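Protein chains: 2
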Amino acid sequence: MSWIESKKCSAAEAAEMIVDGDVLGVSGFTLAGYPKEIPTALADRAQRLHDSGVPFKITLFSGASTGDSCDGALARAEAVSFRMPYQSNPALRKAINAGTIKYIDAHLGKMGHLVRTGAVPCPTIAIVEVTAILPDGRVCLSTSGGNSVTYLEMAPRIILELNTRLGDACVGIHDVALPELPPHARPLPIYSAADRVGDTFVQVDINKVVAIVESSRYDEVTQFVEPDDVSRNIGERILDFIRFEESRGRLPKGLAYQSGVGKVANAVLSAMAADDRLQQIDLYTEVIQEAVLPLLKNGKLGVASGTALTLSESTQKEFVANSSEWKKHLIIRQQEVSNSPDVIRRVGVISMNTALEMDIFGNVNSSLVSGSAMMNGIGGSADFARNCMLGFFMTPSVAKNGAISSVVPYVSHVDHPDHDTMIFVTEQGLADLRGLAAEDRARLIIRNCVHPDFREPLTDFLEYSLKHAKGVHMPLALSRAFEMHEKFLETGKML
Amino acid sequence: MSWIESKKCSAAEAAEMIVDGDVLGVSGFTLAGYPKEIPTALADRAQRLHDSGVPFKITLFSGASTGDSCDGALARAEAVSFRMPYQSNPALRKAINAGTIKYIDAHLGKMGHLVRTGAVPCPTIAIVEVTAILPDGRVCLSTSGGNSVTYLEMAPRIILELNTRLGDACVGIHDVALPELPPHARPLPIYSAADRVGDTFVQVDINKVVAIVESSRYDEVTQFVEPDDVSRNIGERILDFIRFEESRGRLPKGLAYQSGVGKVANAVLSAMAADDRLQQIDLYTEVIQEAVLPLLKNGKLGVASGTALTLSESTQKEFVANSSEWKKHLIIRQQEVSNSPDVIRRVGVISMNTALEMDIFGNVNSSLVSGSAMMNGIGGSADFARNCMLGFFMTPSVAKNGAISSVVPYVSHVDHPDHDTMIFVTEQGLADLRGLAAEDRARLIIRNCVHPDFREPLTDFLEYSLKHAKGVHMPLALSRAFEMHEKFLETGKML
Chain A
1 MSWIESKKCS AAEAAEMIVD GDVLGVSGFT LAGYPKEIPT ALADRAQRLH DSGVPFKITL
61 FSGASTGDSC DGALARAEAV SFRMPYQSNP ALRKAINAGT IKYIDAHLGK MGHLVRTGAV
121 PCPTIAIVEV TAILPDGRVC LSTSGGNSVT YLEMAPRIIL ELNTRLGDAC VGIHDVALPE
181 LPPHARPLPI YSAADRVGDT FVQVDINKVV AIVESSRYDE VTQFVEPDDV SRNIGERILD
241 FIRFEESRGR LPKGLAYQSG VGKVANAVLS AMAADDRLQQ IDLYTEVIQE AVLPLLKNGK
301 LGVASGTALT LSESTQKEFV ANSSEWKKHL IIRQQEVSNS PDVIRRVGVI SMNTALEMDI
361 FGNVNSSLVS GSAMMNGIGG SADFARNCML GFFMTPSVAK NGAISSVVPY VSHVDHPDHD
421 TMIFVTEQGL ADLRGLAAED RARLIIRNCV HPDFREPLTD FLEYSLKHAK GVHMPLALSR
481 AFEMHEKFLE TGKML
Chain B
1001 MSWIESKKCS AAEAAEMIVD GDVLGVSGFT LAGYPKEIPT ALADRAQRLH DSGVPFKITL
1061 FSGASTGDSC DGALARAEAV SFRMPYQSNP ALRKAINAGT IKYIDAHLGK MGHLVRTGAV
1121 PCPTIAIVEV TAILPDGRVC LSTSGGNSVT YLEMAPRIIL ELNTRLGDAC VGIHDVALPE
1181 LPPHARPLPI YSAADRVGDT FVQVDINKVV AIVESSRYDE VTQFVEPDDV SRNIGERILD
1241 FIRFEESRGR LPKGLAYQSG VGKVANAVLS AMAADDRLQQ IDLYTEVIQE AVLPLLKNGK
1301 LGVASGTALT LSESTQKEFV ANSSEWKKHL IIRQQEVSNS PDVIRRVGVI SMNTALEMDI
1361 FGNVNSSLVS GSAMMNGIGG SADFARNCML GFFMTPSVAK NGAISSVVPY VSHVDHPDHD
1421 TMIFVTEQGL ADLRGLAAED RARLIIRNCV HPDFREPLTD FLEYSLKHAK GVHMPLALSR
1481 AFEMHEKFLE TGKML
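If you're matching them up, the sequences are chains A and B in order.
The opening residue of the first sequence carries number 1 in the numbering used here; numbering runs sequentially from there.
The opening residue of the second sequence carries number 1001 in the numbering used here; numbering runs sequentially from there.
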């Protein structure tokens, strides 16, 4: 019997190998390529232990968000004590905001580095979805790169979830490379989205593999929804502005695009696919999402490089059927590389990310509601925002049927200080903040981006601050900084 | 007559060549290597024009702060309409906070990139202090690198201020190299502080040089002050912690140090020089300040790489007398390189910067008093904080004789979000925030870093927030976030 056959067991048996206090380093990034059977079995085990009064909690490190069979199942079973660096699961989020799960929100490009340098605990067990295991111990990763190579290298024990749903569709799609750590670090020679610098398989230490669990479950990605009018409007404003910058000679040809996740980001990609004037483009991004496919299908996609291929179930099947063609245009990297500041700077990226909240001075909040409740996390937005050639933050101007303005006097949490932001876009318009001092930024944002209902209160705040703040440089009166947020917390409306 | 002789003129004549609305790109970084005679003459000219009712204002781009004969003189003459990316002059600061000068505070490592990519206006005239001009148009820069190469390349006209005070002391000290812009960017092969990758002179287009003004004035740097007890205490805590990390195997040998500017940073360098256990070290930093010299003199300095050599007048003279020996240990780069994220990541930097204000959740304010009044600017602190291997933010726990706590519920301005901070140090103690969720960070900071007078109000704020904030994840009650700041604005005391 080969070593592979000898390690095969059920998910329940594998879950038995995980003990209270273990630090799990799992594969998976934005609902792509995470283990499914083992976390679900682990949640069952935790539930049984809890029912009989035995404590059982683990720390969960991932690439980014995982699906409900991982984050959701484990959260509902109260099996997680600590989570990082990103999540998007409702049950997990609820526990984080109730204080029953500790959570650290980290730059996604930095998570692997934090583990490798000992800034956070080393995983005691790596649980990684793979699509092939070779006799010599090489494995083919699944639909995401994430931090899988780091966890496989650093954890003393490994459990592989061998997923057969994708056949050999993922073979050849990965570019497995990580930079060395200082003082031996050298740059990876990636100069454009298409550059490959590593192997396509990951070599695993066979002696560390304690279990192999078979699975055929799909990534739990919801069906793609066509953009609404507001999102489409934002997408078109961005494309118009890019054309304008190109016409002024301020944007060289040959840059790559990065697009965040969500319906507004999807709308931008959809607008690109529909735009006849747009020539072939490359993406150097984090998540290659379903909205990229129209670009691929109509011949406009050169290469999309990312760390996750996030597709709905039907599109995962389409990928399997067309993988040899699609793979010519797709590269999946480790997230330390997809989100690497130096590669982003070199390749030259036009970055587009969704803001949860913006303020009139140019600060952006990507993560916290009312300054305290975690939504998902900062993700890779800061990796791209600070290092891009041209950066957009976009959001509809209002939320909750107009009760909330997405543009506020001062964001309730700062993920991106004004030093790191360039262009704000809502369906109301676009504000190019580059080269503007604070008061000028404020007036432009109020005029161009704010919903008409909120222009007067924001102008009033600005005028008050110009009179009463300690310095006029940044006209922010602390006493009224959060007045719209406080009103919302009291009444459910910002006005 | 050579072209050099033919261009020589008085500072007043050169100032006549500058017109209302010009964008000046000047040399100079942290009071080192800025033009002195020309800005002073320009200020005189502006004053005369203003006296006769003629408007005259210029935009001033620099490396970083310049001395009083530049920033101060021009501010007092009301000759500046717009300034970026950093300053430290009292007259200029006053005008910025009064709103009569517009100011953008930018990452110092990014300023050159913003100019090169057209994100801010292109300088119309470069005014650069040089210490030698060769017949073929090559020039030797002075005590700083700054953005001089960018301004000399991009501005259509050039005025050189040829300073003779340094003789040939600066010849050979510079490493003149800039990375190409995307899509042609390649990494500069700098792998350690000592690596040189460029020329020592800058080639200037002779046809663009409109004037050469001779000068012998010294950089206006105040005399070095020996560290006080509080600063020494902080310095020793940092060194102790570094030793502790090394003993745990979490810090590899061979990393380089970065040290911010100011008395606390000086104290750290002084503590290093005095420490017998410390072996030879390299600095990969922004400003090579006077406190580096004891390390050089006692043989502990391998190489100090920076973008400025900021020395008091007497020490500038000492540099001239010993330059051949000192230059073996010193490299001055362009600030896009000294502060480059990718080089900082590769070299592996232990970063130490002064905070103006910290909060209990791990955010840092480096720039604004009471959220609105500019002090100096963010400087290069974010270039290093986000990309370092190990990062310290340090400050005395109180200011103004105890009226102000340096640790507050929530900083009045966020320059460094908690994602980018690692270790907080005051004379009260040190808090290692890595791997801690928000509430745990808050409790550790209150216990270890906060002055005893402020522990109770900060704990009270935290407990209130845990009960009343929308989410427990980040226990920040917006209604009380700035209560200590508001009290200070009303009464002059935070308690």
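Just so it is clear, CB atoms sit at the ideal spot from N, CA and C, and this is done for glycine as well.
Being a predicted model, the structure only gives us computed values, none of them experimental.
Name the residue from the options whose alpha carbon lies nearest to the alpha carbon of residue i.
i: Gln-1289 of chain B; options: B:Ile-1004, B:Ser-1069, B:Glu-1439, B:Lys-1263; result: B:Lys-1263
i: Leu-92 of chain A; options: A:Ser-192, A:His-113, A:Thr-66, A:Ser-381; result: A:Thr-66
i: Pro-1121 of chain B; options: A:Leu-433, A:Phe-393, A:Tyr-86; result: A:Leu-433
i: Glu-1483 of chain B; options: A:Met-484, A:Leu-478, A:Lys-487; result: A:Leu-478
i: Lys-208 of chain A; options: A:His-174, A:Ile-190, A:Leu-160, A:Glu-245; result: A:Leu-160
i: Leu-1239 of chain B; options: B:Ala-1046, B:Phe-1392, B:Asp-1460, B:Ile-1127; result: B:Phe-1392
i: Ala-1496 of chain B; options: B:Thr-1131, B:Arg-1157, B:Gly-1198; result: Residue 1496 of chain B cannot be examined here, being either before or after the span of chain B that is shown, 1001 to 1495.
i: Leu-162 of chain A; options: A:Glu-214, A:Leu-269, A:Gly-109, A:Val-197; result: A:Glu-214
i: Ile-1133 of chain B; options: B:Phe-1424, B:Val-1337, B:Thr-1117, B:Ile-1212; result: B:Ile-1212
i: Arg-248 of chain A; options: B:Ala-1014, B:Ala-1119, B:Asn-1353; result: B:Ala-1119
i: Ser-1381 of chain B; options: B:Leu-1489, B:Ser-1340, B:Ile-1038, B:Val-1026; result: B:Ser-1340
i: Leu-309 of chain A; options: A:Ile-281, A:Arg-83, A:Leu-166, A:Thr-354; result: A:Leu-166
i: Glu-5 of chain A; options: A:Lys-110, A:Phe-61, A:Pro-135, A:Phe-82; result: A:Pro-135
i: Pro-156 of chain A; options: A:Ile-125, A:Val-23, A:Thr-143; result: A:Ile-125
Keeping to the same chain, check which residues put their C-beta closer than 8 Å to that of residue i; ignore five residues upstream and five downstream.
i: Thr-1040 of chain B; result: Ala-1011, Ser-1069, Cys-1070, Ala-1073
i: Asn-1363 of chain B; result: Tyr-1410, Val-1411, Val-1414, His-1416, Pro-1417, Asp-1418, Thr-1421
i: His-1485 of chain B; result: Ser-1370, Gly-1371, Val-1408, Ser-1412, Met-1494
i: Arg-480 of chain A; result: Pro-409, Phe-461, Tyr-464, Ser-465
For residue i, collect the residues of the same chain with a Cβ closer than 6 Å to its Cβ; drop the 5 residues on either side in sequence, then sort them by chain order.
i: Ile-1350 of chain B; result: Leu-1255, Tyr-1257, Leu-1390
i: Ala-194 of chain A; result: Val-303
i: Ser-1173 of chain B; result: Position check: residue 1173 of chain B holds Ile in this sequence, whereas Ser was assumed. Closer than 6 Å at the Cβ level, and outside the excluded window around Ile-1173 of chain B, lie Lys-1327, Leu-1330, Ile-1332.
i: Val-1204 of chain B; result: Gly-1137, Val-1139, Leu-1152
i: Val-1115 of chain B; result: Thr-1150
i: Ser-465 of chain A; result: Pro-475, Leu-476, Ala-477
i: Thr-1315 of chain B; result: Glu-1290
Is any beta-carbon of chain B found at less than 9 Å from that of residue i?
i: Leu-356 of chain A; result: no
i: Arg-447 of chain A; result: no
i: Glu-486 of chain A; result: yes
i: Tyr-103 of chain A; result: yes
i: Asp-219 of chain A; result: no
i: Met-374 of chain A; result: yes
i: Lys-110 of chain A; result: yes
i: His-107 of chain A; result: yes
i: Gly-402 of chain A; result: no
i: Arg-333 of chain A; result: no
i: Ile-281 of chain A; result: no
i: Arg-76 of chain A; result: no
Using 9 Å as the limit for Cβ to Cβ distance, is residue i near chain A?
i: Ala-1477 of chain B; result: yes
i: Leu-1462 of chain B; result: no
i: Leu-1255 of chain B; result: yes
i: Ser-1231 of chain B; result: no
i: Lys-1057 of chain B; result: no
i: Ile-1378 of chain B; result: yes
i: Asn-1089 of chain B; result: no
i: Ile-1242 of chain B; result: no
Take residue i and list the residues in its own chain whose beta-carbon comes closer than 7 Å to its own, dropping the five residues that flank it on each side.
i: His-1473 of chain B; result: Ala-1438
i: Asn-97 of chain A; result: Ala-373, Met-374
Starting from the N-terminal side, write out each stretch of the alpha helix (DSSP H) that is 4 residues or longer and does not extend beyond the segment 1416-1456 of chain B. 1438-1448
Select from the segment 113-126 of chain A all residues with a C-beta closer than 8 Å to any C-beta belonging to chain B, and list them in chain order. Those residues of the segment 113-126 of chain A that come within reach of chain B (Cβ to Cβ, closer than 8 Å) are Leu-114, Thr-117, Gly-118, Ala-119, Val-120, Pro-121.
Members of the segment 1414-1448 of chain B that neighbour chain A once the beta carbon cut-off is set at 9 Å: Val-1414, Asp-1415, His-1416, Pro-1417, Asp-1418, His-1419, Asp-1420, Met-1422, Arg-1434, Gly-1435, Leu-1436, Ala-1437, Ala-1438, Glu-1439, Asp-1440
Return the residues of the segment 32-55 of chain A that lie within a Cβ-Cβ distance of less than 8 Å from chain B, sorted by chain order. none
Short-range partners of chain A found in the segment 1145-1158 of chain B, where Cβ spacing is below 7 Å: Result list empty, no residue passes.
At which residue ranges does the segment 184-239 of chain A contain complete beta strand (DSSP E) runs of 3 or more residues, listed in the order of the chain? 209-215
Going residue by residue through the segment 93-125 of chain A, where are the continuous alpha helix (DSSP H) segments of at least 4 residues, counting only ones entirely within it? Those alpha helix (DSSP H) runs which fall completely within the segment 93-125 of chain A and span 4+ residues are 111-116.
Going along the chain, which unbroken runs of the alpha helix (DSSP H) with 4 or more residues stay wholly within the segment 1013-1089 of chain B? 1037-1051, 1073-1076
Those runs of the beta strand (DSSP E) which lie wholly inside the segment 1236-1283 of chain B and span at least 3 residues: 1256-1259
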